[in-house]
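There are 2 protein chains.
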Amino acid sequence: MSLPLHEKIRSEIEADILTGVRTPGSRLPTEHDLMQHYGCSRMTVSKALSALAGGGLIERRKRAGSFVARPKVHSMMLDIPDLELEIVQRGQRYRFELSERTIVPPGTPQAREAGLAEDGELLMIEGVHFADDVPLACEARLVSLSAVPEMAAQPFSDDSPGAWLLKHVPWTEAETRIASVAANAGVAAQLQLPAGAPCLFVERRTWRGDEGITQVRQHFVGSAYSLVARFGPAKRAADF
Amino acid sequence: MSLPLHEKIRSEIEADILTGVRTPGSRLPTEHDLMQHYGCSRMTVSKALSALAGGGLIERRKRAGSFVARPKVHSMMLDIPDLELEIVQRGQRYRFELSERTIVPPGTPQAREAGLAEDGELLMIEGVHFADDVPLACEARLVSLSAVPEMAAQPFSDDSPGAWLLKHVPWTEAETRIASVAANAGVAAQLQLPAGAPCLFVERRTWRGDEGITQVRQHFVGSAYSLVARFGPAKRAADF
DNA sequence: TCGTCAATTATGTCTATACATTATGGACGA
DNA sequence: TCGTCCATAATGTATAGACATAATTGACGA
């Protein structure tokens, strides 16, 4: 292994943490000790520790030393699925069917509720995502036309609005809310489900800087869809 | 802003990438250029670029330069709620009620399915989380007793198994699966819901290194619960 | 006894320098 | 024309030292 030294130091300590040799809360040797142990300069040790701290594995405190961090339950990585990609990967055909497309004038309660520009027009889009002609999800979306004027000209005959936005509009901030709801009459009809069937409800708002770009509410057919979140080195991803 | 310089450089470039000023595939200035631009040493610039590369935002190639990476996985941070904490913060009283507790012998299909130690005993625990005596969620948990032998002696009369594990067992890796399901008879009875009511279903597996620690399946009352995931500087957290 | 302050210690940042590595592109020769 | 090889330009790794910052500890004084 011709790894750079700081990588070697990093991976050795990481292994100790992952295998439980070093337990959360315990103190690591000081940079000075490690520097003597590995026979290198302090900068090299520091680089290794910085990487570990960046990855959240250790916590460094001045004067006190470096400590193995307790993993925080409160944050895991959630993979936001690209519906089209997932459907195609399952070997099915993807299709988005536009069912409604309206311009919402400025100043309506809708716009205010969505947290989008109150003084500009909004584009409202509704449609259904199909996998091999079976509905998988439906969505209702509001897009700020002052933020994304090009959106008005898009057909969305085939490409979904979400995919188009992802490709063409850079964003800096997003918030997603996930819940379980019973399908109301409208949703049930769109998804060809009995009313009251459980749906995974996802609401997402997206911003660029302080400017609201879009808000979307999606209902996924409960029996066909799940989200996955992970914490830690996702070596296990391939197992499933 | 008294940020360290390398942090300032990093965040400025990051902002340029996120806002689309620098587009995927485009080349960054060389370290030498940046070092002149910021009036600092090359090491400082390099530290900033290393951090960006570590975060997957740029790709560095020798002789060629550094390039903005094309975003690959689209992921956000998911806040996994601490049930007890949230309930108490709402001003309600939290209680966990144990309804079943069994030792599962080694080698059963259950153990294999859960991905826990196949050659050790498992502890099976079932119970309900209450907020002011209203059921909010029920859970069925399997714990590997070879990984956590102390678990067998815990009463869980008041503290939930999850909270106990979190306090006493270090873990390195976890995977959470989120779906929407209809309450079956058992779940409906525990949660005092009509059968078929929508529930947020959360399944989590936890490991330390390669050793499986626990698997839990939780059903949350759909009308009372939602999860939140975020991407970006969460300045907006307080708005909601 | 209790608080205050300063010395100490460990990490945090930064510089200037050196040499290693590696892909590119151009010079040169067959 | 084509391939080989080398100079070059960029990043990658590492060092030694300087000073900054912050928290702990203990000494000292009220």
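Chains as they are written, first to last, in this note's numbering: chain A, 63 to 302; chain B, 63 to 302.
Just so it is clear, CB atoms sit at the ideal spot from N, CA and C, and this is done for glycine as well.
Partner residues on chain B for residue i, Cβ-Cβ distance less than 8 Å
| i | result |
| --- | --- |
| residue 284/A | 241, 242, 243, 244, 260 |
| residue 303/A | Past the boundaries of the shown model lies residue 303/A; chain A is included only from 63 to 302, so the question cannot be answered. |
Limits of the unbroken alpha helix (DSSP H) element including residue i
| i | result |
| --- | --- |
| residue 224/B | 223-230 |
| residue 245/B | No alpha helix (DSSP H) contains residue 245/B, which DSSP labels as neither H nor E. |
| residue 148/A | 145-151 |
Where the beta strand (DSSP E) containing residue i begins and where it ends
| i | result |
| --- | --- |
| residue 171/A | Taken as a continuous stretch (DSSP letters only), residue 171/A belongs to no beta strand (DSSP E), being part of the alpha helix (DSSP H) at 171-176. |
| residue 280/A | 273-283 |
| residue 190/B | 184-193 |
| residue 234/A | Taken as a continuous stretch (DSSP letters only), residue 234/A belongs to no beta strand (DSSP E), as it is neither H nor E. |
| residue 214/B | Taken as a continuous stretch (DSSP letters only), residue 214/B belongs to no beta strand (DSSP E), as it is neither H nor E. |
| residue 208/B | Here residue 208/B belongs to no beta strand (DSSP E), and DSSP marks it neither H nor E. |
| residue 127/A | 127-130 |
| residue 156/A | 156-166 |
| residue 137/A | Where residue 137/A is concerned, there is no enclosing beta strand (DSSP E), given that its DSSP letter is neither H nor E. |
| residue 260/B | 260-270 |
| residue 289/A | 288-293 |
From the options, residue whose alpha carbon lies closest to that of residue i
| i | options | result |
| --- | --- | --- |
| residue 187/A | 172/A, 223/A, 139/A, 110/A | 223/A |
| residue 342/A | 81/A, 200/A, 217/A, 236/A | No statement about residue 342/A is possible, as the shown extent of chain A runs from 63 to 302 and does not include it. |
| residue 180/B | 197/B, 206/B, 108/B, 118/B | 206/B |
| residue 77/A | 270/B, 213/B, 96/B | 270/B |
| residue 86/A | 276/B, 228/B, 242/B | 228/B |
| residue 144/A | 158/A, 251/A, 274/A | 158/A |
| residue 62/B | 113/B, 197/B, 291/B | The question about residue 62/B has no answer here: the residues shown for chain B are numbered 63 through 302. |
| residue 96/B | 118/B, 115/B, 128/B | 128/B |
| residue 280/A | 267/A, 210/A, 274/A, 221/A | 267/A |
| residue 84/A | 148/A, 265/A, 130/A | 130/A |
| residue 99/A | 79/A, 80/A, 112/A, 74/A | 74/A |
| residue 162/A | 185/A, 277/A, 146/A, 82/A | 185/A |
| residue 141/A | 248/A, 240/A, 274/A | 240/A |
| residue 147/A | 225/A, 293/A, 214/A, 126/A | 225/A |
| residue 272/B | 293/B, 234/B, 252/B, 242/B | 234/B |
| residue 292/A | 139/B, 237/B, 252/B, 254/B | 237/B |
| residue 211/B | 230/B, 177/B, 117/B | 230/B |
| residue 243/B | 254/B, 264/B, 183/B, 67/B | 264/B |
| residue 67/B | 81/B, 106/B, 113/B, 94/B | 106/B |
| residue 252/A | 160/A, 215/A, 221/A | 160/A |
| residue 115/A | 103/A, 133/A, 102/A | 133/A |
| residue 208/A | 79/A, 219/A, 150/A, 276/A | 276/A |
| residue 204/A | 183/A, 218/A, 217/A, 150/A | 183/A |
| residue 80/A | 255/A, 117/A, 139/A, 149/A | 117/A |
| residue 175/A | 139/A, 215/A, 278/A | 278/A |
| residue 72/A | 102/A, 64/A, 112/A, 82/A | 112/A |
| residue 109/A | 255/A, 248/A, 138/A, 69/A | 69/A |
Closer than 9 Å at the beta carbon, the chain A residues around residue i
| i | result |
| --- | --- |
| residue 116/B | 113, 116, 117 |
| residue 238/B | 138, 140, 289, 290, 291, 292, 293 |
Residue i: contacting residues in chain A (beta-carbon distance under 7 Å)
| i | result |
| --- | --- |
| residue 270/B | 82 |
Chain-ordered neighbours of residue i on chain B, where CB pairs are closer than 7 Å
| i | result |
| --- | --- |
| residue 92/A | The contacting residues do not exist; residue 92/A stays about 21 Å from chain B at best. |
Contact the region 277-286 of chain B vs the region 260-267 of chain B: 3+ CB pairs below 8 Å: yes
Entirely enclosed alpha helix (DSSP H) segments - the region 63-124 of chain A, minimum 4 residues: 67-80, 93-100, 104-116
Given 8 Å, three or more beta-carbon pairs between the region 192-202 of chain A and the region 140-155 of chain A: yes
Contact the region 112-131 of chain A vs the region 86-95 of chain A: 3+ CB pairs below 8 Å: Short answer: they touch.
Given 8 Å, three or more beta-carbon pairs between the region 162-172 of chain B and the region 164-177 of chain A: no
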